[in-house]
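Heads up, the sequence shown is in numbering that gives the first Met the number 0, so the first residue is 0 and it goes up one at a time.
For glycine and all other residues, C-beta sits at the position ideal for the given N, C-alpha and C.
Since this is a predicted model, take the numbers as computed values, not measurements.
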Amino acid sequence: MTADVHAHTSYSDGSGIPLMVDAAEAAGLDAVGFADHCSLSEAWRDERLLWNRNFDRTHERRREALAVAADRTDLTLYDAVEMDYEPELAPAIGDFLAAADFDYAIGSVHYVAGKQVFPFESFDDASDAERRAFVDDYYDAIVSLVGSGLFDVLAHVDLVENHPALSGLTTAAHRDRVAAACADSRTVPEINAGRAGDRGEFDLFHPTDPFAEAFRDRGVRFVVGTDSHDPEDFADRVPRLERYLDETGIEPLPVESLLGDPPTATE
Ligand SMILES: [Zn+2]
Ligand SMILES: [Zn+2]
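Structure follows, in structure tokens:
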């Protein structure tokens, strides 16, 4: 593994660019793509302000910063984004991505119908049927993301599996729908090592094994991301990902395959 398509900086919830670049280099990477969190959601407007998720307003400054950083390292740095996807916002996201012109765009579903996918969201009061409905809605949003054609990369496809109240609710039908959508799309799923094993609540690689199988059955390829937020994440996650690639025999696509303009709707 020489390239990591998914890391964060202090332009969202990661660490300072020089620290991240040095750590990526020390972990043996040749290239790293910084994909800071970006959301256009009005519903999360206050939370976005509180949690510094205003990359839609700061991405040009980060681009300048990456140009400075690139002059000081042998690493190839990519100017990317991790965009929160909501089906209703697809037109606005398309306009934003076309104007911002990142090297590539990662699409993520972090919340559905006003609820976060993460473990800090409580589903204690939700019935089994409500939990299943939430997971159905989550995969509807994933399929919509892939079908939108807006993204180069699909992040952490089965993130719901990391929620203790939702884990195990991903079905073969969900996996098959998403894999079929990816097989028909330019959007490449990511193997994401985010928080794998080191912070308790996020113990899994994404995709989990049966999901990776569903993709491979359809000939879908992958890119690889550490989802590093802190410098020390690289040293932990790069070797973990390398072991995973060794064990599974998966050969990731090069980052170069993500670059270049997306095809327009008429092509
Ligand atoms: Zn994410
Ligand atoms: Zn991320």
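- With respect to Arg61, Asn53 sits apart: the two C-beta atoms are not nearer than 8 Å.
- Rounded to the nearest angstrom, the gap between the Cα atoms of Lys114 and Gly32 is 28 Å.
- At least one heavy atom of ligand 2 lies less than 7 Å from the C-beta of Asp226.
- For Pro188, the enclosing beta strand (DSSP E) covers residues Val187 to Asn191.
- Taking the Cα of Leu49 as reference, the smallest distance to any Cα among Asp12, Asp216, Arg176 and Leu88 is reached at Asp12.
- Contact between Tyr103 and Ala79 holds: CB atoms are separated by about 5 Å, below the 8 Å threshold.
- With a threshold of 7 Å, the Cβ atom of Glu189 does not count as near ligand 2, since no heavy atom of the ligand is closer than that.
- Ala6 places its beta carbon less than 8 Å from that of Ser227.
- In this structure, ligand 2 has no non-hydrogen atom nearer than 7 Å to the beta-carbon of Ala2.
- Residue burial is scored here from C-beta neighbours: Arg236 has at least 16 other C-beta atoms within 10 angstroms and is therefore classed as buried.
- The three-state secondary structure of Glu85, taken from DSSP, is coil.
- A contact between stretches requires three or more CB pairs, one per stretch, nearer than 8 Å, and the region 121-137 meets this requirement with the region 157-174.
- Taking a contact as a CB-CB distance under 8 Å, the pair Leu18 and Ile92 does not count as one, their CB atoms being some 30 Å apart.
- Annotation for Asp35: the continuous beta strand (DSSP E) segment containing it runs Ala30 to Cys37.
- Judged by DSSP secondary structure, Gly146 falls within the alpha helix (DSSP H) whose first and last residues are Asp127 to Ser147.
- A heavy atom of ligand 2 is found nearer than 7 Å to the CB of His5.
- If you check the C-beta of Ala34 against ligand 2, you find a heavy atom less than 7 Å away.
- The three-state reading of DSSP puts Ala26 in coil, since its state is none of H, G, I, E or B.
- At least one heavy atom of ligand 2 is found less than 7 Å from the C-beta of Gly193.
- Relative to the non-hydrogen atoms of ligand 1, the Cβ of His173 never comes closer than 7 Å to any of them.
- In summary, Ala23 is buried, with 16 or more beta-carbon neighbours lying within 10 Å of its beta-carbon over all protein chains present.
- Phe150 sits close to Gly106, with the two beta carbons spaced by under 8 Å.
- Boundaries of the alpha helix (DSSP H) around Asp235: Pro230 to Thr247.
- If you check the CB distance, Pro206 and Val156 come in under 8 Å.
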